[in-house]
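S.K.:
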Amino acid sequence: MINMILFIENSSKLIKKFYELAIRNKDKVSFLVKKEVDDVPPEYQIVWDIKVEPIETTVHMLKKDGYSFDRIITIQEGYLEEVEILCEKLNIKNIMFETAKNFRDKYFMKKLFIENSIPTPKMELLELKPLQENIISFPCVVKPLSGFGSIGVKKVESIDELNNIIKIHSLIDKVSLKNFNPKHKVLVEEYISGVEYAVDIIWQNRKPLTTVVTCKGVMKGPYFYDREYILVSPKEDLYTELEKAAVRVNKCLGIINGATHTELKFDKDQIYCIESTCRPGAAGAFYKLAELSTEYRFFNLLYYTLTSSKDFSNEKFNEQIKYNTDNIYFWYNFPFKNKGINYNINEKYLKNNLSYYEIDYINTEIRNTDEFMTPSYFCTLTGVMDKNLNMSRFLETLCNEE
Numbered sequence: 010m011i012n013m014i015l016f017i018e019n020s021s022k023l024i025k026k027f028y029e030l031a032i033r034n035k036d037k038v039s040f041l042v043k044k045e046v047d048d049v050p051p052e053y054q055i056v057w058d059i060k061v062e063p064i065e066t067t068v069h070m071l072k073k074d075g076y077s078f079d080r081i082i083t084i085q086e087g088y089l090e091e092v093e094i095l096c097e098k099l100n101i102k103n104i105m106f107e108t109a110k111n112f113r114d115k116y117f118m119k120k121l122f123i124e125n126s127i128p129t130p131k132m133e134l135l136e137l138k139p140l141q142e143n144i145i146s147f148p149c150v151v152k153p154l155s156g157f158g159s160i161g162v163k164k165v166e167s168i169d170e171l172n173n174i175i176k177i178h179s180l181i182d183k184v185s186l187k188n189f190n191p192k193h194k195v196l197v198e199e200y201i202s203g204v205e206y207a208v209d210i211i212w213q214n215r216k217p218l219t220t221v222v223t224c225k226g227v228m229k230g231p232y233f234y235d236r237e238y239i240l241v242s243p244k245e246d247l248y249t250e251l252e253k254a255a256v257r258v259n260k261c262l263g264i265i266n267g268a269t270h271t272e273l274k275f276d277k278d279q280i281y282c283i284e285s286t287c288r289p290g291a292a293g294a295f296y297k298l299a300e301l302s303t304e305y306r307f308f309n310l311l312y313y314t315l316t317s318s319k320d321f322s323n324e325k326f327n328e329q330i331k332y333n334t335d336n337i338y339f340w341y342n343f344p345f346k347n348k349g350i351n352y353n354i355n356e357k358y359l360k361n362n363l364s365y366y367e368i369d370y371i372n373t374e375i376r377n378t379d380e381f382m383t384p385s386y387f388c389t390l391t392g393v394m395d396k397n398l399n400m401s402r403f404l405e406t407l408c409n410e411e
């Protein structure tokens, strides 16, 4: 069966990957993009800003131009609502999730966690106006109801700090997230220390197929940027418990097919779920780490689950996929004000210390932007290092080189 697929995406790198897989599988795919991308023929692209145009106008355009699809998919959490509404308007079965709200409204998500006895930090929902007195405990973490990654997330220690960040969130609410936060409120949650992990799972028909676990270490704040992730082998302590926790979380949220990315913290012998979303972590970068360690093509598997191209219900991936434990596999997101932002990364230093590395300049237009307010990355490094070397010292030297 040939699939007719509408893929809503803006990353040229991801679009190229999906295009190549679609051609290989003889699927017919169209990419809905804000602006035309290279490496994919123009006839496969529908240049249309779905965030600017009313959804009814988008539906009319697709019908008028004769498009017909049996799949509408995305791997960007910012487009989950559009996928849901387009499926409903065009009478197409949503094969990704039960409802976008479970993954996009963080307050509603955490209510589901509480109702299902899933450990999660305590929370409050506050209006975007100054507080006159303490009604919550400090320190706490403030975040928008519908955010992207770590944008707008900050740990605060006092009511003055809280009121200051509320002013910033008022701006985010009015500008960046005006379509997703109509109640003009902000989520405030208990700060939990401990080691933070990310668990990426690929699903088919509500069944978890395979898992990639990465470790972020202890995130002390006050900001919680996606900075450094290290691949965790299934042989390591806590892997199985983290996997079980993430499976429970996303079954609760209603995942059906595709990817989930779940943030967990381990503190005082307890695993807490911070949040989860319906997309791969770091645009699939953690799949790359697992691929380097195992030689298994995780991104290909994601494509097959989203397009129903193959049935994996009888596969036992945990038995088939073997991890190399002789190396450290890591992903690093350069700080905006780091030397890396000026393209001064010392590649000779990389070659002398890493058996593999890949530098990815993702968004060169954000070099002078405050990282706290930006959902995108500028420059990332994927690397493989001998496990006997000191990775923290390596990154510190790399970032401080003149």
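Each residue of the sequence shown is one higher than the last, beginning at 10 in this note's numbering. Note that CB positions come from ideal geometry on N, CA and C, so glycine has one too. Since the structure is predicted, the reported quantities are computational estimates derived from the model, not experimental observations.
1) Going by C-alpha distance, which of I59, L298, F147, L154 is nearest S285?
2) Which full runs of the alpha helix (DSSP H) of 4+ residues lie inside the region 76–110, going along the chain?
3) Can you list, in chain order, the residues of its chain whose CB lies under 7 Å from that of K187, leaving out five sequence neighbours each side?
4) Unbroken beta strand (DSSP E) runs of length 3 or more, entirely within the region 222–247: which are they?
5) Which residue comes first and which comes last in the alpha helix (DSSP H) that contains W44?
6) Can you name, in chain order, every residue of its own chain whose Cβ lies under 7 Å from the Cβ of A254, other than the five neighbours on each side?
7) Are the beta-carbon atoms of E133 and V195 separated by less than 7 Å?
8) Go ahead and label N266 buried or exposed: buried means 16 or more other beta carbons lie within 10 angstroms of its beta carbon, across all protein chains shown.
9) Taking the alpha helix (DSSP H) that F308 falls in, what are its first and last residues?
10) For the beta strand (DSSP E) containing L301, name the first residue and the last one.
11) Going by alpha carbons, who is nearest to R288 out of F233, I94, V38, Y312?
12) How many whole angstroms separate the CB atoms of F295 and D209, which I take to be in contact at a CB cut-off of 8 Å?
13) If we count the other Cβ atoms within 10 Å of its Cβ and call it buried at 16 or more, is Y358 buried or exposed?
14) Counting Cβ pairs, one atom from each stretch, are 3 or more of them under 8 Å apart for the region 256–265 and the region 118–137?
15) My guess is that S302 and L240 are in contact by the Cβ rule of under 8 Å, so how many angstroms apart are they, rounded?
16) Determine, using beta carbons only, whether F326 and L218 come nearer to each other than 7 Å.
17) On a Cα-Cα basis, can you pick out the residue from L398, T249, F275 that is closest to M228?
18) Can you find the residues in the same chain that come closer than 7 Å, C-beta to C-beta, to V56, ignoring five residues on each side of it along the sequence?
19) In chain order, what residues of the same chain lie with their CB nearer than 7 Å to the CB of D169, ignoring the 5 residues before and after it?
M.R.: This is what the structure gives:
1) Residue numbering aside, residue 285 sits at position 276 when the sequence shown is read from its first letter. Checked all of I59, L298, F147, L154; the closest Cα to S285 is L154.
2) 89–98
3) Along the sequence shown, read from residue 1 onward, the residue named residue 187 stands at position 178. Summary for K187: the model assigns pLDDT 47, below 50, so the residue's position carries little reliability, and this model does not support an answer.
4) 237–241
5) Translated into the one-based positions of the sequence shown, residue 44 becomes position 35. The sequence shown places Lys at residue 44, not Trp. That residue, K44, is in no alpha helix (DSSP H); it is neither H nor E in DSSP.
6) For this step, residue 254 is matched to residue 245 along the sequence shown. So the list reads L273, I280, C282, once near-sequence residues are dropped.
7) For the purposes of this step, residue 133 is identified with residue 124 of the sequence shown, where counting begins at 1. For the purposes of this step, residue 195 is identified with residue 186 of the sequence shown, where counting begins at 1. Not in contact: E133 and V195 (Cβ atoms no closer than 7 Å).
8) In the sequence shown, residue 266 corresponds to position 257, counting from 1. By the neighbour-count rule (16 or more Cβ atoms within 10 Å), N266 is buried.
9) Taking the first residue of the sequence shown as position 1, residue 308 is located at position 299. Segment 307–316, the alpha helix (DSSP H) holding F308.
10) Stepping through the sequence shown from its first residue, residue 301 is reached at position 292. Looking at the DSSP string, L301 is not in any beta strand (DSSP E); the run it does join, the alpha helix (DSSP H), is 294–303.
11) Within the sequence shown, residue 288 is the residue found at index 279, counting from 1. Closest option to R288, Cα to Cα, is Y312.
12) To locate residue 295, count along the sequence shown from 1; it is residue 286. To locate residue 209, count along the sequence shown from 1; it is residue 200. So it is a contact: roughly 5 Å between Cβ atoms.
13) Here residue 358 refers to the residue found at position 349 when the sequence shown is read from its first residue. Y358 comes out exposed.
14) yes
15) Counted from its first residue, the sequence shown places residue 302 at position 293. Counted from its first residue, the sequence shown places residue 240 at position 231. 6 Å between Cβ atoms; contact.
16) Sequence index remark: in the sequence shown, residue 326 carries index 317 (1-based). Sequence index remark: in the sequence shown, residue 218 carries index 209 (1-based). Yes, they are a contact pair.
17) Taking the sequence shown and counting its residues from 1, one reaches residue 228 at position 219. When each option's Cα is compared against that of M228, the closest is F275.
18) Here residue 56 corresponds to residue number 47 of the sequence shown, with the count starting at 1. Same-chain partners within the cutoff: V42, K44, E45.
19) To locate residue 169, count along the sequence shown from 1; it is residue 160. Correct list: empty, nothing qualifies.
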